[in-house]
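Undergrad: Residue numbers (the working numbering), protein chains in the order written: chain A, 60 to 473; chain B, 60 to 473; chain C, 111 to 250; chain D, 111 to 250.
Quick reminder that beta carbons are idealized off the backbone N, C-alpha and C, glycines included.
Mind looking over this structure? Questions follow.
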Amino acid sequence: MEATEQAPLDVEAIRADFPILEREVADGRDLVYLDNAATSQTPDQVVDAIADYYRRYNSNVHRGLHELSQEASVAYEDAHDKLAEFVGGEDREEMVFTKNTTEAENLVAFAWGLNELGPGDEVVLTQMEHHASLVTWQQVAEKTGAEVKYIPITDEGYLDMDAAAEMITEDTQLVNVVHVSNTLGTVNPVGDLADIAHDHDAFIFVDGAQAAPTRPVDVQEIDADFYAFSGHKMLGPTGIGCLYGKRHLLEAMEPYLYGGMMIKKVTYEDSTWNDLPWKFEAGTPVIAQGVALAEAVDYIEDVGMEAIQAHEEELTEYAYDRLTETGDVDVYGPPGDDRGAVVSFNVDGIHAHDLSSILNDYGVAIRAGDHCTQPLHDTLGVAASARASFYLYNTREEVDALVDAVDEARDIFA
Amino acid sequence: MEATEQAPLDVEAIRADFPILEREVADGRDLVYLDNAATSQTPDQVVDAIADYYRRYNSNVHRGLHELSQEASVAYEDAHDKLAEFVGGEDREEMVFTKNTTEAENLVAFAWGLNELGPGDEVVLTQMEHHASLVTWQQVAEKTGAEVKYIPITDEGYLDMDAAAEMITEDTQLVNVVHVSNTLGTVNPVGDLADIAHDHDAFIFVDGAQAAPTRPVDVQEIDADFYAFSGHKMLGPTGIGCLYGKRHLLEAMEPYLYGGMMIKKVTYEDSTWNDLPWKFEAGTPVIAQGVALAEAVDYIEDVGMEAIQAHEEELTEYAYDRLTETGDVDVYGPPGDDRGAVVSFNVDGIHAHDLSSILNDYGVAIRAGDHCTQPLHDTLGVAASARASFYLYNTREEVDALVDAVDEARDIFA
Amino acid sequence: MSMGSDMYRQQILDHYRNPRNQGELPEPTFSHEGYNPSCGDELEFDVELRDDGETIERVAFRGEGCAISQASASMLSEKLPGMTLDEVDELDRDDVLDMLGVEVTPMRIKCAVLSEKVVQDGAEIYAGEADEVDQTTTED
Amino acid sequence: MSMGSDMYRQQILDHYRNPRNQGELPEPTFSHEGYNPSCGDELEFDVELRDDGETIERVAFRGEGCAISQASASMLSEKLPGMTLDEVDELDRDDVLDMLGVEVTPMRIKCAVLSEKVVQDGAEIYAGEADEVDQTTTED
Ligand SMILES: Cc1ncc(COP(=O)(O)O)c(C=O)c1O
Ligand SMILES: Cc1ncc(COP(=O)(O)O)c(C=O)c1O
């Protein structure tokens, strides 16, 4: 192994924190979990943080004046600070906890989009947007009379930045771009897009669902107005997502959902709203999930985000190379040395779903389908693809297991 | 102890399942947790179900074709069936998982209210609604031009049913009523209100946040169109709520949030929606929380809901009697033998927040404030109240501890 | 849990590679299409009835998708001629799985039964027993 | 964690029961009100400056709420006369807690500091250094 500045991951030690990776599937095969872009596994430290919450200080927040409530409140508020800091935000006031990335998109679409957009306004997306943003802005446009445009992709799966520069105009109110494509693996130049958007007084919403778990993110460097990601894709629990928003934008926005916690004063006639971020968190919030996600951030920071990224890049390139050794595999998106840790592909003559069924028999868990990017698949000219995606606990041996299982499928369908 | 048809709870055995109840607070006092209406504690069985999920079959649902995904999907779908059945619904298609009761209210408000209400339409609430429904329908009314009316309460804290019969008219589109008041403890005649609403072709939304955890609920018997409750108030985790809706209503409704999972087909131009209940669950759902909540239902059913209710009624009446022994305590709401397991009160000359601070020193955790019913508190003529609320693991000794601590507060403020 | 590879027996692969009755009928009594969102499978069946208005004379189908869905359509197209609509209505999941002759993993059941559902829905709509729907879908 | 009952020392209770400087000033230089959502505490302060436009001559307050918030307002009202607005601006949480002379539990800090925040915000608005807001609030 070459000397690198970055100490490599101790993958064996990491795997010991993830008991699920010891599991057997398909009548006795070792699980090879390569579906990380769908959801990541959860280390014992995070599971223990959840159990500790319920066994020691579970309570509603902001509401009681007793000690349990105080402890839960402090932990929940601190989790906001930690997650804000994790992506370079200033503090808790810029960090709203949602249910998932999808809800973060909808929050901005409802609280800002429905109130501010109208005929003549444009929302610029990309052809590789996830349904979370694509369907949301499409429907908001339909309701408001605004128009949605899609920045096209090149043959190699990059964004066509010339087209972007032309499509983003004075009519553009928002640019919504996926930071790392969950299908193509493309790492988009979100900072450049932010500059173009801001030159035209448009906001930029960056969908960081695949980026935040896998590389250092700095919303201030990007100059992102909004940045969203999901806990369950970064070693955290299901049921929590994060919306970073610039403070002055969140302050100016109408609330999203209504109820307790998000209000200041309520009468039978009218209500006023609470301060950030609580204004956007109606009802009893995702307390245990917030505490657990903060623990996941600790785990990631202990391992080191740069090391995680380097490990993933190495695995991804290796997988890309091995999968394309034979001539019958189409891999979608940029070359293996310039992409996030997802590799979507099709093998000639084998439907992706048949492939994944067979892979499952060899213990290899991948995803097959459209990965919530149906229109992109239409653009690629396929109904579905198989997708392998990697995370910090995956190994080269697991890539080999994938390639071997693909071979078995070839034999069956030969 | 008298012979009852219903075997009494084995409270000691139950308490052994809740390690948090062994906790010490306030420098060495035993915790006396009487803030159950805010959030309930979580038994080991539920915590173990969460840990088991993450350690054994954590996966995204509906999306992979691998074994983990299959297991997670089945567990998550079965949880819908279980929760539907828990309140008398038919099956999963009538059961949508949300983040909490508040989101369930907002779901109907957004997907139905914003689309269907207009000037001339009326939404009838009660004076004792929680902010979850009160603020939500107030704001939807403001956006749509509809009007909100409040069924008044009697001096004893019951709904004024004569007024209700007059206020619900042909203009009424929806009646939203809290099943058990989280402040007054009033158990509302939701079946009668449903009849009145239906006589006028209005829908009825029942807020069951305090009822579903504490008594048998049958939405078909009530003839509720919508029924909502929260996992964290019924031994389940934070981050999950339940919306029961009649199938044909949910089918006819527009979607709520947009994104993956809730769609069927997506193009760059348009989208179609998935079947129930997934149409209303956008993005990666609350998988672990669904699994855990199903486990909480198992726990409740093992203990027996009728036994839980009987135990609570006994404790509530005892607490009511003991708190009113002296003449200086105002308890709000109906008599002690006709209410849910909440007792809100004020002690002459002691602000509720001062009271709760002092109680906390004696280990007694209650809530002080407006309990998310600010307008009701205005009606009661107080800014805040103290609230003790009971659940299956509470004991008469804990009620005594409450009363003793109130005495100490009296001494301090004497 | 059964092994997924067991699904890909020779018979299935044969029907997948060489689908029977693929194409269109010139004068179908009714046609109906269906979609399985979980695999993106699409199928459209044409059905021609005998003069009794009851018995299937011929069927043809067009489709795209995974081996399970397409082989199932091909095998079903061989089985349908001679059956009455009532008999079609009585077909259930087990009949389809028997017909396929392999153990279908739970994740793939929807692929297997799509063809049966399309023909049943088409027949019901034709008989006026069901509302017109553009497309049958298996739940995602 | 400190004991909450320790908060209710005689001095606090005395100020709560017999608030000093309660009422209104006939000609306040400025007035400002505040609200603490967590306890529902309300306070309104009137402040009269000396001719130098800098130094506080007199204050009066009206309010409703818990013992901590009301005692804190009463004690602060005794401390303010003679202070300049700059000195008021420099007051921080610790000064208030020192003034109260008890250990305030974290849950009740907002009650304790409401009076200080109201006067500071009022002074800043008066000096034109802050935007006009109707009401100061401690975060819920
Ligand atoms: C009657 C009632 N309705 C609604 C709610 C809101 O529940 P949640 O905060 O879980 O959304 C509560 C609890 O706070 C409640 O008691
Ligand atoms: C790029 C991208 N955006 C958005 C999402 C939606 O995330 P979630 O399902 O957690 O809302 C995903 C994952 O599914 C994703 O990969």
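Could you tell me the alpha carbon to alpha carbon distance between R475 (chain B) and V462 (chain B), rounded to whole angstroms?
TA: Shown here, chain B extends from 60 to 473; a query on residue 475 (chain B) therefore has no answer.
Undergrad: Compare the C-beta of H412 (chain B) with all C-beta atoms of chain D and state if any pair is closer than 7 Å.
TA: By this cut-off, H412 (chain B) is an interface position.
Undergrad: Hey, could you find the ends of the alpha helix (DSSP H) K189 (chain D) is sitting in?
TA: Looking at the DSSP string, the run of the alpha helix (DSSP H) that includes K189 (chain D) is 177-189.
Undergrad: Whole beta strand (DSSP E) runs in the stretch 363-422 of chain B with 3 or more residues, listed along the chain?
TA: List check, beta strand (DSSP E) in window: 388-391, 401-406.
Undergrad: What would DSSP say about Y84 (chain C), mapped onto helix, strand or coil?
TA: There is no way to answer for residue 84 (chain C), as the model of chain C reaches only from 111 to 250.
Undergrad: For A222 (chain C), name the three-state secondary structure that DSSP assigns.
TA: In this structure, A222 (chain C) counts as helix in the three-state DSSP scheme.
Undergrad: For G133 (chain C), which residues of its own chain have a beta-carbon under 6 Å away from its beta-carbon, when the five flanking residues on both sides are left out?
TA: Only A170 meet the Cβ criterion.
Undergrad: Between the alpha carbons of D470 (chain A) and R203 (chain C), how many angstroms are there, rounded?
TA: Taking the straight line joining both Cα atoms gives about 29 Å.
Undergrad: Does the CB of S112 (chain D) have a neighbour CB from chain A at under 7 Å?
TA: Unreliable positioning characterises S112 (chain D) in this predicted model, as indicated by a pLDDT of 43, which lies under 50. The coordinate reading is nonetheless provided below. S112 (chain D) does not count as touching chain A.
Undergrad: Any C-beta of chain B sitting closer than 7 Å to the C-beta of M193 (chain C)?
TA: Answer no: the Cβ-Cβ gap between M193 (chain C) and chain B never drops below 7 Å.
Undergrad: In chain order, what are the residues with a CB under 5 Å from some non-hydrogen atom of ligand 1?
TA: Here the list is A:G342, A:T343, B:N159, B:T160, B:T161, B:H189, B:A191, B:V237, B:N241, B:D266, B:A268, B:Q269, B:S289.
Undergrad: Return the residues of the stretch 393-410 of chain A that lie within a Cβ-Cβ distance of less than 7 Å from chain C, sorted by chain order.
TA: Those residues of the stretch 393-410 of chain A that come within reach of chain C (Cβ to Cβ, closer than 7 Å) are H410.
Undergrad: Which residues of chain A have a Cβ atom closer than 8 Å to the Cβ of T215 (chain C), listed in chain order?
TA: Going along chain A in sequence order, the residues near T215 (chain C) (Cβ under 8 Å) are S416, N419.
Undergrad: Which residues, in chain order, does the stretch 308-340 of chain A contribute to contact with chain B at a C-beta distance below 9 Å?
TA: Hits within the stretch, in order: P314, Y315, L316, Y317, G318, G319, M320, M321, I322, K324, V325, T326, Y327, E328, D329, S330.
Undergrad: Quick one: any contact between the stretch 439-451 of chain A and the stretch 392-408 of chain A, if contact means 3 or more CB pairs under 8 Å?
TA: Yes, the stretch 439-451 of chain A is in contact with the stretch 392-408 of chain A.
Undergrad: By Cβ distance below 8 Å, which residues in the same chain neighbour G300 (chain B) in space, the five residues on each side in sequence not counted?
TA: Answer for G300 (chain B): F156, T157, K158, N159, T160, T161, E162, A163, A287, F288, S289, G290, listed in chain order.
Undergrad: Within 10 angstroms of the Cβ of N128 (chain C), are there 16 or more other Cβ atoms? Answer buried if so, exposed if not.
TA: N128 (chain C) should be labelled exposed.
Undergrad: Could you spell out where the alpha helix (DSSP H) holding A224 (chain A) opens and where it closes?
TA: Unbroken alpha helix (DSSP H) run through A224 (chain A): 220-226.
Undergrad: What residue does the beta strand (DSSP E) around T247 (chain D) start on, and which one ends it?
TA: Element bounds for T247 (chain D): 245-247.
Undergrad: Check whether chain A comes within 7 Å of S115 (chain C), counting only Cβ atoms and requiring the distance to be less than that.
TA: By this cut-off, S115 (chain C) is an interface position.
Undergrad: Measuring CB to CB, does K338 (chain A) end up less than 7 Å from W332 (chain A)?
TA: The answer is yes: Cβ separation under 7 Å.
Undergrad: Taking S179 (chain D) and C221 (chain D) to be in contact with their CB atoms under 8 Å, please state how far apart those CB atoms are, rounded to whole angstroms.
TA: The Cβ separation is near 4 Å, so the contact holds.
Undergrad: For G124 (chain A), go through chain D and note every residue whose CB falls closer than 9 Å to its CB, in chain order.
TA: Note that residue 124 (chain A) corresponds to Leu in the displayed sequence, not to Gly. The answer, in chain order, is G114, S148, C149, T215, M217, R218.
Undergrad: So, does the CB of I471 (chain B) fall closer than 7 Å to a CB anywhere in chain D?
TA: Answer yes: the Cβ-Cβ gap between I471 (chain B) and chain D drops below 7 Å somewhere.
Undergrad: Flag this pair as touching only if the stretch 207-218 of chain A and the stretch 342-356 of chain B have three or more C-beta atom pairs under 8 Å; answer yes or no.
TA: No, the stretch 207-218 of chain A is not in contact with the stretch 342-356 of chain B.
Undergrad: Could you check whether the Cβ of P275 (chain A) sits closer than 7 Å to any Cβ belonging to chain B?
TA: P275 (chain A) does not count as touching chain B.
Undergrad: Residues of chain A with CB closer than 9 Å to the CB of L123 (chain C), please, in chain order.
TA: What L123 (chain C) touches in chain A: I471, F472.
Undergrad: Taking only the alpha-carbon atoms, compute the straight-line gap between S128 (chain B) and L80 (chain A) and give it to the nearest angstrom.
TA: So the two alpha carbons sit approximately 14 Å from each other.
Undergrad: Report the partner residues of Q132 (chain D) according to the DSSP bridge assignment.
TA: Answer by DSSP bridge pairing, in chain order: D:F171.
Undergrad: Give a yes or no on whether the minimum CB-CB distance between Y145 (chain D) and chain B is below 7 Å.
TA: No, no contact with chain B.
Undergrad: Check whether the Cβ of V236 (chain B) sits closer than 6 Å to any heavy atom of ligand 3, and report yes or no.
TA: As far as ligands go, the structure on display features ligand 1 and ligand 2 and does not contain ligand 3.
Undergrad: When you compare the CB positions of P138 (chain D) and E158 (chain D), do they come within less than 7 Å of one another, or not?
TA: Yes; because the gap between Cβ atoms is below 7 Å, this pair is in contact.
Undergrad: Consult DSSP for H436 (chain B) and reduce its assignment to one of helix, strand or coil.
TA: Three-state result, H436 (chain B): helix.
Undergrad: Below 8 Å on C-beta distance, what does V345 (chain A) contact in chain B?
TA: Near V345 (chain A) (Cβ distances below 8 Å), the residues of chain B are K158, T297, G298.
Undergrad: Using a cut-off of 7 Å between C-beta atoms, extract the partners of A177 (chain C) located in chain A.
TA: Here the neighbours are H410, D413.
Undergrad: Hey, could you find the ends of the beta strand (DSSP E) S148 (chain D) is sitting in?
TA: Segment: none, S148 (chain D) is in no beta strand (DSSP E) and carries neither H nor E.
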